[in-house]
Amino acid sequence: MGLSAEELEQHCQQILEDRRIKDKIVVLCEGEIKDVDGRRTPQAYKRMEQMPDANFYKKCVPKFWNDKPRPQFFNCGNRKDVVDTYCKLRQLNDTQESYINIEKLFALVDLDIQLHKINNYHYSDTEQIFNALYKETQTRKQAASKHFIWVTGLIHKEAYFITPDIQSVFNDSLLDPQYENDLILLEKLYLKMCHEIIKDLDLKNNYTQVINRIDYCEYLDCCDIEILITSWENEFKQAIIAVDEQRIRELVFLLLTIRKAKEYWNQIEPASYWSSGTERFREQLSLEIGEFYSKQDWNNPDNHIAFFFKTLHEFA
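Just so we're aligned, residue 389 is where the sequence shown starts under the numbering used here, counting upward by one.
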């Protein structure tokens with residue numbers, strides 16, 4: 389359930405009155421805002437960057453961002469709440485003084501399956517933003533600076549937690565992350581994700597729209613879901629046999645553009661000796677992944693998160 393009109397107003401006022409945003413890039417992202425008692429309080433806002441998802445994105449800020457103030461992140465709730473917050477902040481900024489520089493205000497939301505309509509913005513919905521911002525699996529360099537509401541290039545933030553490069557994070561992590569009672573092998577997880585596409589009713593019901601994201605791929609047959617599953621599995625297995633890392637990465641990115649990732653991320657479990665709970669485990673693991681992204685080349689449009697921060701840096 390999203391924010392009510394009253395809650396949205398209060399939420400925006402908390403942001404506008406926060407001294408930490410002065411002269412900084414402000415990034416609105418998805419994620420819960422709650423204190424220990426489950427309420428939104430001023431204290432909760434002060435601890436914002438200790439909460440997922442703001443904490444993850446803070447960790448992703450590139451190591452070489454040293455010459456300007458770093459961005460300030462705010463969780464805003466669900467995707468609709470983030471977009472509503474962005475639009476409301478722009479509206480309130482016209483009528484009152486605040487610490488925000490509205491030209492440094494950005495929103496980052498999940499692409500997801502269903503599109504979300506946006507009022508009073510130069511793109512009418514999230515799918516239009518995706519098509520304008522990404523070409524195949526890359527961020528469009530020339531288009532990036534025109535966007536203040538960004539969508540992820542993959543379906544969810546959590547999709548970036550299981551891209552092929554993250555295998556090295558899992559291998560090196562002292563947390564010993566497990567998948568199906570064994571050390572994680574992402575190739576196995578991808579095959580399961582593809583095989584279980586048939587269970588995704590949201591994807592099936594929106595297939596015509598969603599498949600437009602990947603139907604440029606000449607070696608995949610996307611005419612219907614069952615044929616897509618077979619086509620992707622065959623191509624992926626051949627790429628593994630050939631040790632074709634570039635083709636493997638492309639196929640995984642195609643899959644993660646349409647296939648929901650959260651449920652699979654939530655199946656990654658701590659080793660038996662971990663005693664602090666699975667939620668805390670995933671928070672810590674996500675920060676290790678954020679550390680990985682902070683070291684990526686932000687000039688490479690293949691690196692969606694790093695390139696997002698490169699664009700922000702130009703506005704800082």
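All C-beta atoms in this analysis are idealised placements derived from N, C-alpha and C, irrespective of residue type, glycine included.
- By the Cβ neighbour-count rule, residue 512 is exposed, with fewer than 16 other Cβ atoms within 10 Å of its own.
- Distances from the CA of residue 555 to each of 577, 538, 647 were compared; the closest alpha carbon is that of 577.
- Separation of residue 455 and residue 600 (C-alpha to C-alpha, rounded to the nearest whole angstrom) is 40 Å.
- The criterion of a C-beta distance shorter than 9 Å is satisfied by residue 492 and residue 703.
- In the three-state scheme derived from DSSP, where H, G and I count as helix and E and B as strand, residue 604 is classed as coil.
- For secondary structure counted as the alpha helix (DSSP H) over 4 or more consecutive residues, the stretch 464-540 holds these complete runs in sequence order: 467-481, 514-521.
- Taking every protein chain shown into account, the CB of residue 546 has 16 or more other CB atoms within 10 angstroms, so this residue is buried.
- CA-CA distance, residue 418 to residue 459, rounds to 16 Å.
- By the beta-carbon neighbour count (other beta carbons within 10 angstroms, threshold 16), residue 400 is buried.
- Where residue 642 is concerned, the enclosing alpha helix (DSSP H) starts and stops at 633-646.
- The Cβ atoms of residue 677 and residue 684 do not sit closer than 9 Å to each other.
- The three-state reading of DSSP puts residue 452 in coil, since its state is none of H, G, I, E or B.
- Between residue 616 and residue 636, the C-beta gap is not smaller than 9 Å, which leaves the two residues out of contact.
- Remark: C-beta atoms of residue 697 and residue 687 do not approach each other more closely than 9 Å.
- In the structure shown, residue 419 adopts extended strand secondary structure according to DSSP, grouped into three states.
- One thing to note: residue 537 has its Cβ within 9 Å of the Cβ of residue 474.
- In the same chain as residue 436, and ignoring 5 residues on each side of it, the C-beta atoms closer than 8 Å to its own belong to 421, 442, 461, 462, 463, in chain order.
- Under DSSP, residue 566 shares a beta bridge with 571, 657.
- Secondary structure at residue 684: coil, using DSSP grouped into helix, strand and coil.
- Membership of residue 625 in the alpha helix (DSSP H) is indicated by the continuous run 613-629.
- With respect to the C-alpha of residue 667, the residue from 565, 604, 499, 631 having the closest C-alpha is 565.
- Judged by pairs of C-beta atoms under 8 Å, the stretch 619-637 does not touch the stretch 586-594, as fewer than three such pairs exist.
- Remark: C-beta atoms of residue 573 and residue 477 do not approach each other more closely than 9 Å.
- According to the DSSP secondary-structure assignment, residue 460 is paired through a beta bridge with 414.
- Shown here, residue 649 sits in coil according to DSSP, grouped into three states, outside any helix or strand.
- In this structure, residue 598 lies near residue 501, with their beta-carbon atoms less than 9 Å apart.
- With respect to residue 544, residue 498 sits close: the two C-beta atoms are nearer than 9 Å.
- Residue 604 sits exposed, since fewer than 16 C-beta atoms from the chains shown fall within 10 Å of its C-beta.
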